[in-house]
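Have a look at the structure below before the remarks.
4 protein chains.
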Amino acid sequence: MNLQESSEKLSAIGFDFYRRGWVLGTSGNFSSMVTRVPFQVCITASGNEKGTLVESHFLTVDANGRVTSGEGKPSAETLLHLAIYRLRENAAAILHTHSVWGTILSDVFYQNGAIEVEGYEMLKGLAGVTTHEHRERLPIVENSQDYVALSHVIENTLRENPAAHGVYLRRHGLYTWGESIAEAKRHIEIFEFLFEVTGRSLK
Amino acid sequence: MNLQESSEKLSAIGFDFYRRGWVLGTSGNFSSMVTRVPFQVCITASGNEKGTLVESHFLTVDANGRVTSGEGKPSAETLLHLAIYRLRENAAAILHTHSVWGTILSDVFYQNGAIEVEGYEMLKGLAGVTTHEHRERLPIVENSQDYVALSHVIENTLRENPAAHGVYLRRHGLYTWGESIAEAKRHIEIFEFLFEVTGRSLK
Amino acid sequence: MNLQESSEKLSAIGFDFYRRGWVLGTSGNFSSMVTRVPFQVCITASGNEKGTLVESHFLTVDANGRVTSGEGKPSAETLLHLAIYRLRENAAAILHTHSVWGTILSDVFYQNGAIEVEGYEMLKGLAGVTTHEHRERLPIVENSQDYVALSHVIENTLRENPAAHGVYLRRHGLYTWGESIAEAKRHIEIFEFLFEVTGRSLK
Amino acid sequence: MNLQESSEKLSAIGFDFYRRGWVLGTSGNFSSMVTRVPFQVCITASGNEKGTLVESHFLTVDANGRVTSGEGKPSAETLLHLAIYRLRENAAAILHTHSVWGTILSDVFYQNGAIEVEGYEMLKGLAGVTTHEHRERLPIVENSQDYVALSHVIENTLRENPAAHGVYLRRHGLYTWGESIAEAKRHIEIFEFLFEVTGRSLK
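Protein chains in written order, with our numbering: chain A, 1 to 203; chain B, 1001 to 1203; chain C, 2001 to 2203; chain D, 3001 to 3203.
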């Protein structure tokens, strides 16, 4: 998918997610694969509100996070996107959001190491899940401002949790991905729904 | 009502319900009667987001669930729609949604066999109910991926609960219907309102 | 204000309130004064969804609730509107909504006879209130399907609570009014805000 | 920034915040700096709904709060805006909102003297904050209808809390500011997000 098409689709998602309160302030960042070989990823530039994105708010980076086109600084969390693309070879898009319920659960379940959800029909919205009897284990990683270190932690976490459809940075936000932008968006919605159900069911 | 008119009305409902969070991901499915004799039902095809439906996302099926027009696979839950049309002879439309509060209540009240709501003015929004003193008993059915078996369970449940305006699949979602698309939509709104009141009143 | 202008303003309010979940299903009803002498009130006809009102969904009634123009049946609760116009001589508009938080509070505080709110800056949005130190006492009346009897109860309640800016029908909904449609709308928003604050603060 | 540009940006914020329920009724008020020397501030006139602002709903005032252009009365809380502009020399815009969660927290934490939030990634949306390890201390001031006295209290509070990004009037609302209108808006969103997380996490 070329840069223009990617940026249009990701901008539409930003418009929507902003209104739902999942990317308030200038939080969140989105990327999608332009080409695997040579490795080119389209990613939101740093510091823009996600509800009003246009093509110039995106740039492309290579496998080392170097800007190959576009203006501005790539998202500070570009290294985390790159780590996910390395470890999830089929990922064609990555979405990162900050929601109220996710933030709360990432703290409540930090000691367990993961947010675990089981027995809901909505789990079938996660790629490859065909029954509500699935247990999704979403690993929680301690937050950090050292993105190099954090990208290594995320690599290890993805390696140790091959079935996970996302990873949660504690008190920070959700990373999920998909084989298409639409699949990544669906994963966000599924997780957010399940977070709200789980959060509202806490004693 | 012909296919075009049905699909337009159901698409508008999808647009609205998606924004309220009742059909996130690609969850939910909608149908309406085209003709009773011969039996022709318009139903959402499988796998589409309900917030952006257009006519090509619908197809028609006969009484056995065989596709008679349109492209794609009918919703995996087509058998459940057909069971409801058989048991509720006046039903002209069926809506199925997944909401946070409904999901929670279907679990909390599973042992009771039903979500029971009584004494609210909003109950009068259910067809035939003329006083807030009505008690609505919404049966809860265990969820299953075996839709043939599930359709039989739903048939029995509807037979045993002739006054019920809907049925809830545990940790899955609500089925309700109406003598028109508008009535089915009203039933969804009434149930969702009552679910939220009941859910927020839980100790 | 003539019928066309009234119906346009009330329709815009319906559009807005429906999206906030305060008039789901076909619940709620709205009226405004066309002329005090002779007494002519514009009121929503029965059975329409409040999110998509147009002028033909309104009719005018006289002081006895007889239809003087327009088609359809006036709202079943017309007698309650008339009682309020009799007892609140400056009322030029009346709005009636059904919200989740109001419904819950009307039940929780029924034994107290009123929802009482005190000490919030938002109280200043109620006509004539100039300080947050105001205590608003919103009387709760038991719900009934006998609107003749209920209209008498509401008359007595308004007489006994001359400072009240509204009245709540238990497990049913809020009635409030204003010297203009805009003031009545503001009162709904103020009450809804205060209901949510009060409801979320309940132990 | 001239009056027209300021009023357009502030009106767009009002449109947005009204829909989120942060300026219901006619609550809230917004201002931005036109010129520091001579001191000219653009501020919302009193009594208008914030969801439908146009340029004529704004006026300009000087350092003493005297109207220098525009019609109507300046917001009753103009003195509070002026106090903030005096104490925060880089402030180019001030936004004041009334939200449900903020109102609740300002009461719950009143005895502590501040709403304190620590350890969330979203804190980085506050100007100058570069790590989630930041602790934001948002002072709570008792509400009052004596705006002269209140403006002195706010001056003292800002002097004693040089790092604070806002101040909360108890059971009333949030004041925050920024070096631009966009930054002030971002601060509102960050605080509201953190209020909701904190409020929903209260035992």
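The beta carbon of each residue, even a glycine, is placed where N, CA and C say it ideally should be.
Under the rule that 16 or more other beta-carbon atoms within 10 Å means buried, what is residue i, buried or exposed?
i, result
"Glu160 of chain A", "exposed"
"Thr1097 of chain B", "buried"
"Gly52 of chain A", "Gly is not the amino acid found at residue 52 of chain A; the sequence shown has Thr there. The residue is exposed, with fewer than 16 neighbouring Cβ atoms inside 10 Å."
"Ala1076 of chain B", "exposed"
"Asn2156 of chain C", "exposed"
"Glu1136 of chain B", "buried"
"Thr2130 of chain C", "exposed"
"Thr3068 of chain D", "exposed"
"Ala1092 of chain B", "buried"
"Gly2014 of chain C", "buried"
"Ala3163 of chain D", "exposed"
"Lys185 of chain A", "buried"
"Lys2050 of chain C", "buried"
"Pro1038 of chain B", "exposed"
Could you tell me which chain D residues have their CB closer than 9 Å to the CB of residue i, listed as they occur along the chain?
i, result
"His172 of chain A", "Tyr3120, Glu3121, Met3122, His3132"
Can you tell me the Cα-Cα spacing of residue i and residue j, whole angstroms?
i, j, result
"Ile43 of chain A", "Thr60 of chain A", "6 Å"
"Tyr1175 of chain B", "Tyr3018 of chain D", "34 Å"
"Ala1182 of chain B", "Asn1029 of chain B", "16 Å"
"Tyr1147 of chain B", "Ile1094 of chain B", "17 Å"
"Val1054 of chain B", "Glu3189 of chain D", "35 Å"
"Val141 of chain A", "Arg170 of chain A", "6 Å"
"Ala2063 of chain C", "Leu2082 of chain C", "7 Å"
"Ala1045 of chain B", "Leu1079 of chain B", "13 Å"
"Val197 of chain A", "Leu105 of chain A", "11 Å"
"Ser151 of chain A", "His1057 of chain B", "41 Å"
"Gly125 of chain A", "His132 of chain A", "10 Å"
"Pro2209 of chain C", "Phe3109 of chain D", "Examination of residue 2209 of chain C is not possible in this model, given that chain C is present from 2001 through 2203 alone."
"Gly2102 of chain C", "Ser1201 of chain B", "12 Å"
"Ser1144 of chain B", "Gln1111 of chain B", "17 Å"
"Phe1191 of chain B", "Gln2040 of chain C", "36 Å"
"Leu1194 of chain B", "Val1117 of chain B", "7 Å"
"Gly3025 of chain D", "Thr2026 of chain C", "24 Å"
"His165 of chain A", "Ala127 of chain A", "8 Å"
"Glu89 of chain A", "Ser3006 of chain D", "48 Å"
"Ser1031 of chain B", "Leu1010 of chain B", "8 Å"
"Ser1099 of chain B", "Ala2012 of chain C", "28 Å"
"Tyr2120 of chain C", "Gly3173 of chain D", "10 Å"
"Trp177 of chain A", "Met1001 of chain B", "41 Å"
"Asp3016 of chain D", "Val3023 of chain D", "10 Å"
Would a check of beta-carbon distances place residue i closer than 8 Å to chain A?
i, result
"Glu3196 of chain D", "yes"
With a threshold of 7 Å (Cβ to nearest heavy atom), would residue i be considered close to the ligand SAM?
i, result
"Val2023 of chain C", "This structure does not include the ligand SAM; it has no bound ligands of any sort."
So which residues of chain C does residue i contact, with C-beta pairs closer than 8 Å?
i, result
"Ser1144 of chain B", "Correct list: empty, because the minimum Cβ distance to chain C is about 31 Å."
Would you mind telling me which residues of chain A sit closer than 7 Å to residue i, beta carbon to beta carbon, in chain order?
i, result
"Ile1104 of chain B", "Val197, Arg200, Ser201"
So which residues of chain B does residue i contact, with C-beta pairs closer than 8 Å?
i, result
"His2098 of chain C", "Glu1121, Met1122, Phe1193"
"Arg186 of chain A", "Gly1025, Thr1026, Glu1049"
What residues from chain A crowd round residue i, counting only those whose CB sits closer than 8 Å?
i, result
"Glu3189 of chain D", "Leu24, Gly25"
Could you check whether the Cβ of residue i sits closer than 8 Å to any Cβ belonging to chain B?
i, result
"Gly47 of chain A", "no"
"Gly125 of chain A", "yes"
Practice task
With 9 Å as the limit, tell me which residues of the region 2012-2042 of chain C have their beta carbon closer than that to any beta carbon of chain B; keep them in chain order.
Solution key: Arg2019, Gly2021, Leu2024, Gly2025, Thr2026, Ser2027
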